[in-house]
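Heads up: the protein sequence lines correspond to chains A and B, in order.
Residues in the first sequence are numbered from 117 upward in steps of one, following the numbering used here.
Residues in the second sequence are numbered from 117 upward in steps of one, following the numbering used here.
All remarks here apply to the structure that follows.
Number of protein chains: 2
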Amino acid sequence: MRAAIIHGPFDIRVADVPEPTLTRGDEAIVRVTHSCVCGSDLWSYRGVSDAISGSRIGHESIGIVERIGPEVRGVAVGDLVVLPFFASDGRCPECRAGFPTACRNGTFWGTNGYDGGQGEKVRVPFADVNCFVVPQDGLTDSMTTALLPLADVLCTGHHAAVCARVGQGSTVAVVGDGAVGLCAVAASRRLGAARIILVSTHEDRAALGRRFGATDVVATRGDAAAEEIAALTGDLGADSVLECVGTDDAFSLALRAVRRGGDIGVVGVPHGIADLRVGRLFRTGVGVKGGVAPAGIYIRELMPDVLAGTLDVSAIFDLTVSLDDLATGYRAMHERTAIKALVRT
Amino acid sequence: MRAAIIHGPFDIRVADVPEPTLTRGDEAIVRVTHSCVCGSDLWSYRGVSDAISGSRIGHESIGIVERIGPEVRGVAVGDLVVLPFFASDGRCPECRAGFPTACRNGTFWGTNGYDGGQGEKVRVPFADVNCFVVPQDGLTDSMTTALLPLADVLCTGHHAAVCARVGQGSTVAVVGDGAVGLCAVAASRRLGAARIILVSTHEDRAALGRRFGATDVVATRGDAAAEEIAALTGDLGADSVLECVGTDDAFSLALRAVRRGGDIGVVGVPHGIADLRVGRLFRTGVGVKGGVAPAGIYIRELMPDVLAGTLDVSAIFDLTVSLDDLATGYRAMHERTAIKALVRT
Numbered sequence: 117m118r119a120a121i122i123h124g125p126f127d128i129r130v131a132d133v134p135e136p137t138l139t140r141g142d143e144a145i146v147r148v149t150h151s152c153v154c155g156s157d158l159w160s161y162r163g164v165s166d167a168i169s170g171s172r173i174g175h176e177s178i179g180i181v182e183r184i185g186p187e188v189r190g191v192a193v194g195d196l197v198v199l200p201f202f203a204s205d206g207r208c209p210e211c212r213a214g215f216p217t218a219c220r221n222g223t224f225w226g227t228n229g230y231d232g233g234q235g236e237k238v239r240v241p242f243a244d245v246n247c248f249v250v251p252q253d254g255l256t257d258s259m260t261t262a263l264l265p266l267a268d269v270l271c272t273g274h275h276a277a278v279c280a281r282v283g284q285g286s287t288v289a290v291v292g293d294g295a296v297g298l299c300a301v302a303a304s305r306r307l308g309a310a311r312i313i314l315v316s317t318h319e320d321r322a323a324l325g326r327r328f329g330a331t332d333v334v335a336t337r338g339d340a341a342a343e344e345i346a347a348l349t350g351d352l353g354a355d356s357v358l359e360c361v362g363t364d365d366a367f368s369l370a371l372r373a374v375r376r377g378g379d380i381g382v383v384g385v386p387h388g389i390a391d392l393r394v395g396r397l398f399r400t401g402v403g404v405k406g407g408v409a410p411a412g413i414y415i416r417e418l419m420p421d422v423l424a425g426t427l428d429v430s431a432i433f434d435l436t437v438s439l440d441d442l443a444t445g446y447r448a449m450h451e452r453t454a455i456k457a458l459v460r461t
Numbered sequence: 117m118r119a120a121i122i123h124g125p126f127d128i129r130v131a132d133v134p135e136p137t138l139t140r141g142d143e144a145i146v147r148v149t150h151s152c153v154c155g156s157d158l159w160s161y162r163g164v165s166d167a168i169s170g171s172r173i174g175h176e177s178i179g180i181v182e183r184i185g186p187e188v189r190g191v192a193v194g195d196l197v198v199l200p201f202f203a204s205d206g207r208c209p210e211c212r213a214g215f216p217t218a219c220r221n222g223t224f225w226g227t228n229g230y231d232g233g234q235g236e237k238v239r240v241p242f243a244d245v246n247c248f249v250v251p252q253d254g255l256t257d258s259m260t261t262a263l264l265p266l267a268d269v270l271c272t273g274h275h276a277a278v279c280a281r282v283g284q285g286s287t288v289a290v291v292g293d294g295a296v297g298l299c300a301v302a303a304s305r306r307l308g309a310a311r312i313i314l315v316s317t318h319e320d321r322a323a324l325g326r327r328f329g330a331t332d333v334v335a336t337r338g339d340a341a342a343e344e345i346a347a348l349t350g351d352l353g354a355d356s357v358l359e360c361v362g363t364d365d366a367f368s369l370a371l372r373a374v375r376r377g378g379d380i381g382v383v384g385v386p387h388g389i390a391d392l393r394v395g396r397l398f399r400t401g402v403g404v405k406g407g408v409a410p411a412g413i414y415i416r417e418l419m420p421d422v423l424a425g426t427l428d429v430s431a432i433f434d435l436t437v438s439l440d441d442l443a444t445g446y447r448a449m450h451e452r453t454a455i456k457a458l459v460r461t
């Protein structure tokens, strides 16, 4: 079968790799129909993270179950399934506590001998836990595309909002206008936020943000952005700030944009963020929480709204490529000419 | 009138001071009937915080309204009122956002020309906002004593639990067996925690903790305590850890005792806590939030349960002194022979 392999900085190629086979009775083989490129894939693509040369890549996919092991109970051949970006076993203490992203037997895709999502097929460990079956009755292709963000970015944006305690009537500021930031806007609206301020210096992304629920756009950065958010909130700051970038600049802005007693949700993978003084958090009453979203929990919660059409972020896919043309998708996202590339396999 | 004055380390005296008078139309004069000594008063008493020599002290009190200014609407002479430890104006942006502890015109007691709570009377700013009227019909003296912790420690313990997202079925670990820690136990039980592990090396305090709802007691510190909490939680850690001490040792234990994806509520005033790496929070998915409790919000929420008798932490008062004998109360708390001294004026 064909699958993406990262060879080094800016060198991603699709090549022939062995077909996956079942290695345990609780696994499934899924034929990927839709996958996509994630902002975090770009860290490997740019050589910022150490991707091992020759490793598989991609962690967001939807597909059709092609084979199941004898122990699989809740998934059948022919099912359409969403696969979360992190696979968990469903039974370790962390999984039972509702935090599958910390699963002791969990794995990201493309590592530990597992296939990457950017390929024709993947072997899914603990299939009953990691295959989220989609009812196919009346399902259109555009609905399937709308389900794909559940694999990662929509759950990640939702996690930022949950960590930052977004609720009915909240004033939210979203730092970051990538796919995750835009999904954080949609998730905040879904949770009842009354006001959603998107920090975005890109007109097209800001326009999409407005479509997803942003009520205000701040088209500046740093001090100027902090001042604009203060002005927009009556010199108060936002109840919740969703930090969807991961740089020190973005985190510093979050600290300045949040009101006293408010919360910061951090889902941008931290790169060089300065240490936090606990005394500062205490004095301001601000909460900080984030990390890798427990997608396996959120998919169940969000899927009904996606299927009902009330939570549709499929417009983040502003470029579609074939698997063989995957490098075009990476390049476009790296150059920021595309928000997120959908890959049809 | 008589009131407490702190002169220097271990030198607290009760002396004659001028009677308070109304300086604005929205103030009230309250004759204090019950006050108490707070763990945070001990920081001044011990000379750890810079208390200005000759300054008034005390910030937890209940009393009878003796006079009101012409603009006061919701409070009448003769009302029994609980006074929160921080007075706010009720109308600045932070107050309107539900975080009165950050009030722009707010004040602690005993500073800025305001009386301390350890004295015969206090002048209350913004009386309509800061006097929480208690229905006196059928009120017994022991019920009044049970209301006094609303002025600070019960709200502070509740804040730890709210910040750490304690809810139905939570497993909670409470670090600190002072009055706040014990109140955090009671607040956690009220919020539905299924399991409450109290870290306490004092048998009498541990016994009180059990009475307030602790299901387990860990009578060790540091590494040993972390290991015991791990063992008690099936090698998982607690969903919520309530840090009610403020030292680096206590905070380090909190970081070790919390499960991945869990939350730490910090209400011990930080003294020398090491800076937090955001990358560590991200990797573990742990949230940190705390600070000075918005008592003005919580009093309204908690008072009905105190009046109903379902939230009674009055047993934290294991010593009663008269105002003139206040120094005995400080000494006993400093020497840890008393948990919390009630002061009858």
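Backbone N, C-alpha and C fix where the C-beta goes; we use that ideal spot for every residue, glycine too.
Only a predicted model underlies this, so the values are computations on that prediction, with no experimental measurement involved.
| Item | Value |
| --- | --- |
| Between the region 399–414 of chain B and chain A, which residues of the former have a C-beta closer than 8 Å to a C-beta of the latter? | Arg399, Thr400, Gly401, Val402, Gly403, Val404, Lys405, Gly406, Gly407, Val408 and Pro410 |
| Using 8 Å for Cβ pairs, my map puts Gly294 (chain B) next to Val245 (chain B). What's the rounded Cβ distance? | Contact doesn't hold; Cβ gap of about 29 Å is too wide. |
| Is it true that the CB of Val357 (chain B) sits closer than 8 Å to the CB of Ala373 (chain B)? | yes |
| Can we say the region 362–377 of chain A touches the region 319–328 of chain A, given the rule of at least three CB pairs closer than 8 Å? | no |
| Short of 6 Å in beta carbon distance, which residues of its chain neighbour Thr272 (chain A), apart from the five on each side in sequence? Order them along the chain. | Val296, Val383 and Ala409 |
| Whose CA, out of A:Arg140, A:Ile145 and A:Phe126, lies closest to the CA of Pro134 (chain A)? | A:Ile145 |
| Return the first residue and the last residue of the alpha helix (DSSP H) that Cys211 (chain A) is part of. | Pro209 to Arg212 |
| Give the range of the alpha helix (DSSP H) segment to which Ile345 (chain B) is assigned. | Gly338 to Leu348 |
| Is it the case that the region 410–419 of chain A contacts the region 210–230 of chain A, given that we only count it when at least three CB pairs across the two stretches are under 8 Å? | yes |
| Measuring CB atoms only, is the region 271–285 of chain B touching the region 171–180 of chain B, in the sense that at least three cross pairs come out at less than 8 Å? | no |
| Find the residues of chain A that neighbour Gly377 (chain B), judging by a C-beta separation of less than 8 Å, and give them in chain order. | Glu210, Ala213, Gly214, Phe215, Thr217, Ala218, Gly407 and Pro410 |
| Using a Cβ-Cβ cut-off of 7 Å (strictly less than) and excluding sequence neighbours within five positions of Asn221 (chain B), which residues of its own chain qualify? | Asp205 and Cys208 |
| Kindly indicate which three-state DSSP category Ser156 (chain B) falls into: helix, strand or coil? | helix |
| Using DSSP's beta-bridge definition, name the partner residues of Asp379 (chain A). | A:Ser356 and A:Gly403 |
| Within its chain, find whatever has a CB closer than 8 Å to the CB of Thr260 (chain A); leave out the 5 residues flanking it on each side and keep chain order. | Thr149, His150, Ile178, Leu196 and Val250 |
| What beta strand (DSSP E) runs, 3 residues minimum, are completely inside the region 430–457 of chain A? | 433–438 |
| Name the one or two DSSP bridge partners that Asp127 (chain A) has. | A:Gly124 |
| To the nearest whole angstrom, what separates the beta carbons of Arg311 (chain B) and Val282 (chain B), a pair I think is in contact under 8 Å? | Going by Cβ atoms, the distance from Arg311 (chain B) to Val282 (chain B) rounds to 11 Å, so no, they are not a contact pair. |
| Within the 8 Å Cβ cut-off, does Ile530 (chain B) reach chain A? | Because chain B in this structure spans residues 117 to 461, residue 530 (chain B) falls outside the shown range and cannot be described. |
| In terms of DSSP beta bridges, what is Arg460 (chain B) paired with? | B:His150 and B:Ser438 |
| For Leu463 (chain A) and Arg305 (chain A), what's the separation of their Cα atoms in angstroms? | Within the shown structure, residues of chain A are numbered from 117 to 461, placing residue 463 (chain A) beyond reach of any answer. |
| Sorted by chain position, which residues of the same chain lie with C-beta nearer than 6 Å to Thr444 (chain A)'s C-beta, five sequence neighbours on each side aside? | Val437 |
| Along the chain, where does the beta strand (DSSP E) that runs through Glu182 (chain A) open and close? | Ser177 to Ile184 |
| Could you name the residues of chain B that Leu418 (chain A) contacts, counting a contact when the two beta carbons are closer than 8 Å? | Under the 8 Å cutoff, chain B gives no residues; its nearest Cβ is about 18 Å from Leu418 (chain A). |
| Give the DSSP-derived three-state secondary structure of Gly412 (chain A) in the structure shown. | helix |
| Apart from the five residues just before and just after Asp421 (chain A), which ones in its own chain have a Cβ nearer than 8 Å to its Cβ? | Arg306 and Leu427 |
| Quick check on the DSSP output: the beta strand (DSSP E) that includes Arg140 (chain B) runs from which residue to which? | Element bounds for Arg140 (chain B): n/a, residue is neither H nor E. |
| Buried or exposed for Pro200 (chain A), please, with buried defined as at least 16 other CB atoms from any protein chain shown within 10 angstroms of its CB. | buried |
| Under a Cβ-count criterion, where at least 16 other Cβ atoms within 10 Å of its own Cβ denotes burial, should Ala370 (chain A) be classed as buried or exposed? | buried |
| With a CB to CB cut of under 7 Å and the five nearest residues on each side skipped, what residues in its chain are close to Arg140 (chain B)? | Gly185 |
| Name the residue from A:Pro265, A:Thr336 and A:Ala335 whose alpha carbon lies nearest to the alpha carbon of Ala303 (chain A). | A:Pro265 |
| In whole angstroms, what is the alpha-carbon distance linking Ile270 (chain B) and Leu324 (chain B)? | The amino acid occupying residue 270 (chain B) in the given sequence is Leu; Ile does not appear at that position. Going by the C-alpha atoms only, they are around 15 Å apart. |
| Whole beta strand (DSSP E) runs in the region 217–265 of chain A with 3 or more residues, listed along the chain? | 237–240 and 248–250 |
| Using a Cβ cut-off of 8 Å (strictly closer), state whether Leu392 (chain A) contacts chain B. | yes |
| Identify the contact partners of Asp351 (chain A) in chain B, using a Cβ-Cβ distance below 8 Å as the criterion. | Pro209 |
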